[in-house]
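Have a look at the structure below before the remarks.
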Amino acid sequence: MEYSESVAVITGGAGGIGLALAHEAVRRGMKVVIADIRQDALDTAVTQLSAAGGEVFGVRTDVTKIDSVTALAEATVARYGKVNLLINNAGAFVAGLAWDTPPEQYEWLINLNLKSVFHGIRSFVPRMIAQGDPCQVINIASAAGVTVYPGYASYSSTKHAVLGLSEALHLDLAAEGINNIGVTIAMPGIIRTAIMQPETASPADLHLERRSRFENATVRGVERMMSAGLDAAMSPEDAAQMIFDAASAGQLYVLPNHDSEGHQTLIQTIAKGRATGKDPYGTVLDNTLQSMARADAAANKIG
Ligand SMILES: NC(=O)c1ccc[n+]([C@@H]2O[C@H](COP(=O)([O-])OP(=O)(O)OC[C@H]3O[C@@H](n4cnc5c(N)ncnc54)[C@H](O)[C@@H]3O)[C@@H](O)[C@H]2O)c1
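Here it is in structure tokens:
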């Protein structure tokens, strides 16, 4: 799609990848609506994006609630008359064992990472169909949409589902002969953001403070492995540029920081196991446990 003069809505747009996507949308000449649950961060982001020359509007939104996302769509159309690009980006990571994740935490992550995408599609796609002009939906899934690690029960299950939902959207649009809306699915590896601090935007009663998350050795190891990876990770700005380039080229998938040979081998090993009915996780698990142990030992030395 041609971006100049069109209107973008980005959920989770006040921080991390969402804010970088908002800057990229401004750079490409779009009017931008950023939606986020944190009002203070939203105000700061609007000031920053406006200073960069953007025509920007912030709407406090809780993507876990359909009414809030419908109100976001209405506010966008009231302000700018239309919407051309929806980026379902808001999401969070928190580690936990499959049997030891509190039901409230599962529910929060399912609502935030998965149902938010249903809410976005339901609130925006019918408007895009009625408009008939070039539109795009970009869903920020994750590398965890195609891979799984220990401690990833809630995160990987939501991101695998986002992948299925996004592919279903792509197929439904094609089957219905609707050709003004493209779909792009981003499956990033580790990107340098605040993703390892889920406590900043989670409901207070979930008690996601580090101390309780770190009581279990597997959970602590996986969180430390990810935190260690953040320092060397791709910048959100580079990820945002890759995602926009892929969407404008009409690509269905884009894998920022997840397209190296090592990542490709891992994705294909897991996919082959699934396709052939053979457990692929032997060496994958050994390598992960070693990385977790190294990250834990390094953090203990520093701490
Ligand atoms: N950073 C990574 O390594 C990485 C890798 C793969 C996928 N992702 C995905 O990218 C997306 C963005 O993550 P990030 O790394 O920028 O994290 P982040 O924590 O830096 O940003 C997430 C943003 O979402 C907002 N948010 C949280 N709950 C919300 C709600 N209920 N309603 C509206 N906004 C809400 C937060 O306030 C924050 O501004 C997520 O879907 C995440 O799963 C991130």
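For what it's worth, numbering that gives the first Met the number 0 labels the leading residue of the sequence shown as 0, then goes sequentially. Glycine is no exception: its CB is placed at the ideal position from the N, C-alpha and C atoms.
| Item | Value |
| --- | --- |
| Cβ-Cβ distance between residue 8 and residue 45 below 7 Å | no |
| Cross-strand partners of residue 35 (DSSP beta bridge) | 59 |
| Whole-number beta carbon distance between residue 193 and residue 14, since they are thought to touch under 8 Å | 6 Å |
| Touching by the beta-carbon criterion (3+ pairs, under 8 Å), the region 143 to 158 and the region 12 to 28 | no |
| Among 1, 2 and 12, nearest to residue 235 - alpha-carbon criterion | 12 |
| Residue 233 and residue 256 closer than 7 Å at C-beta | yes |
| The alpha helix (DSSP H) enclosing residue 130, as first and last residue numbers | 115 to 130 |
| Coil, strand or helix - residue 300 by DSSP | helix |
| Outcome for residue 3 when other beta-carbon atoms lying within 10 angstroms are tallied against a minimum of 16 | exposed |
| Cβ neighbour criterion (16 or more within 10 Å) applied to residue 276 | exposed |
| Any non-hydrogen atom of ligand 1 closer than 6 Å to residue 164 Cβ | no |
| Per-residue burial, residue 210 [other beta carbons within 10 Å of its own, 16 or more giving buried] | exposed |
| Contact belief for residue 69 with residue 266 at Cβ below 8 Å, rounded distance in angstroms | Not quite, the Cβ-Cβ distance comes to about 36 Å (not below 8 Å), so this is no contact. |
| Bridge-paired residues (DSSP) for residue 303 | In this structure the chain extends from 0 to 302, so residue 303 is not present and cannot be described. |
| Contact check, residue 84 vs residue 161, beta carbons under 7 Å | no |
| Local conformation of residue 306 per DSSP, three classes | As shown, the chain starts at 0 and ends at 302. That puts residue 306 outside it, with no answer to give. |
| Whole-angstrom distance between residue 231 and residue 163, CA atom to CA atom | 30 Å |
| Cβ contact check for the region 34 to 43 and the region 57 to 66: 3 or more pairs under 8 Å | yes |
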